[in-house]
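Note that our numbering has the sequence shown beginning at 14, numbered continuously upward. These notes are about the structure you will find just below.
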Amino acid sequence: MFFRQLATTESSLSYLFGCGSLGKAIAVDVVEGDQEWFLQQARQTGVEITHVIDTHVHADHYSGGRDLAERAGAKYCLHESDREVVEFDFYPLRDGDRIEAGNVEVEVIHTPGHTEDSVCLLVTDRRRGEQPWFILTGDTLFIGSVGRPDLAGQEREMAGRLYDSLHQRLLGLPDEVEIYPGHYAGSACGAGLSGKPSSTLGFEKRYNPGLAFSDRDAFADFLTSDIPPRPADMDAYVAANIAA
């Protein structure tokens with residue numbers, strides 16, 4: 014397996030990973046302007062990008078995902094719930110879907126809360142073993158924090174859904190699973206994010222204040238008590254990312 018993490022604008026983190034031996038790759042959360050970096054990395058590694066995935070419709074930057082997918086001849090992927098939101102066709106992801114990139118397998122986990130369409134991507138390298146190696150958590154779980162619940166409105170309801178996603182879908186994974194989020198410190202998509210761009214689930218369960226709550230209402234109180242300002246130009250970003 015090969016793995017690339019790209020720190021980009023708005024304190025965002027993008028990813029390119031896959032199977033070098035069989036020449037297949039997946040790109041995740043591509044920011045507009047970075048498409049050539051992904052194409053260059055694919056050429057240097059000798060792989061074909063088969064899927065380009067946005068973990069949700071982004072509200073803090075313009076997505077380069079659709080353009081990269083067109084240029085690479087790949088499928089552009091969003092969660093199926095975005096059928097009701099976006100104005101273009103895409104490859105719909107459903108909870109439990111498995112995407113293969115050579116010896117690498119990605120399981121789609123629907124984790125609503127930050128947004129309705131949020132997904133996490135659980136990655137296994139079958140050449141190493143049958144247990145998952147790492148998870149790309151988008152804006153659901155950060156290093157030292159969790160996603161903000163207010164961007165879609167109904168912040169208390171969405172905070173409760175985020176609690177369910179974290180506790181029912183992610184926290185039962187093995188502690189040694191590595192976490193790679195969609196943002197690091199400086200992002201407007203959460204409060205208290207660490208500047209470190211990766212962690213493990215076990216470390217976050219022990220030290221992440223957003224994971225310290227065993228009560229859903231207490232978690233919602235915590236998450237809605239100190240919501241940061243909305244991302245600058247949020248409406249313009251969303252409009253562009255859903256437009257035909």
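Just so it is clear, CB atoms sit at the ideal spot from N, CA and C, and this is done for glycine as well. Nothing here was measured: the structure is a model prediction, and the numbers come from that model.
Can you name the start and end residues of the beta strand (DSSP E) that residue i belongs to?
i, result
"Val119", "117 to 123"
"Leu134", "132 to 138"
"Arg111", "111 to 114"
"Pro105", "104 to 106"
Quick check on the burial criterion: 16 or more other C-beta atoms within 10 angstroms. Buried or exposed for residue i?
i, result
"Arg174", "buried"
"Phe101", "exposed"
"Thr22", "exposed"
"Arg161", "buried"
"Pro244", "buried"
"Asp67", "buried"
"Asp152", "buried"
"Ala257", "exposed"
"Ser200", "buried"
"Asp108", "exposed"
"Asp138", "buried"
"Tyr220", "exposed"
"Gln167", "exposed"
"Gly142", "exposed"
To the nearest angstrom, how far is it from the Cα of residue i to the Cα of residue j?
i, j, result
"Asp230", "Val159", "16 Å"
"Thr63", "Gly78", "12 Å"
"Lys209", "Tyr193", "10 Å"
"Glu97", "Glu129", "11 Å"
"Asn254", "Arg56", "27 Å"
"Pro145", "Leu164", "31 Å"
"Ser94", "Ala72", "16 Å"
"Pro242", "His74", "15 Å"
"Glu45", "Thr124", "24 Å"
"Leu19", "His196", "11 Å"
"His69", "Val251", "11 Å"
"Phe235", "Gly59", "47 Å"
"Lys37", "Glu113", "9 Å"
Rounded to the nearest angstrom, how far is the Cβ of residue i from that of residue j, given a contact under 8 Å?
i, j, result
"Val117", "Ile148", "Not confirmed; about 13 Å, so no contact."
"Ile156", "Leu206", "7 Å"
"Val65", "Leu81", "5 Å"
"Met171", "Gly203", "Not confirmed; about 13 Å, so no contact."
"Val132", "Ile122", "6 Å"
"Leu224", "Leu184", "7 Å"
Considering residue i, what are the terminal residues of the alpha helix (DSSP H) in which it resides?
i, result
"Glu93", "It is not in any alpha helix (DSSP H) - Glu93 carries neither H nor E in the DSSP assignment."
"Gln18", "First-last for Gln18: 15 to 21, but that is the beta strand (DSSP E), not the alpha helix (DSSP H)."
"Ala253", "247 to 255"
Unbroken stretches of the beta strand (DSSP E), 3 residues or longer, contained in the region 33 to 84: With a minimum length of 3 residues, the continuous beta strand (DSSP E) runs that stay inside the region 33 to 84 are 37 to 41, 61 to 66.
Minimum length 4: unbroken alpha helix (DSSP H) runs contained in the region 184 to 232: 214 to 220
Every unbroken alpha helix (DSSP H) inside the region 126 to 180 [4 residues or more]: If only complete runs of 4 or more residues are kept, the region 126 to 180 shows the alpha helix (DSSP H) at 168 to 178, in order along the chain.
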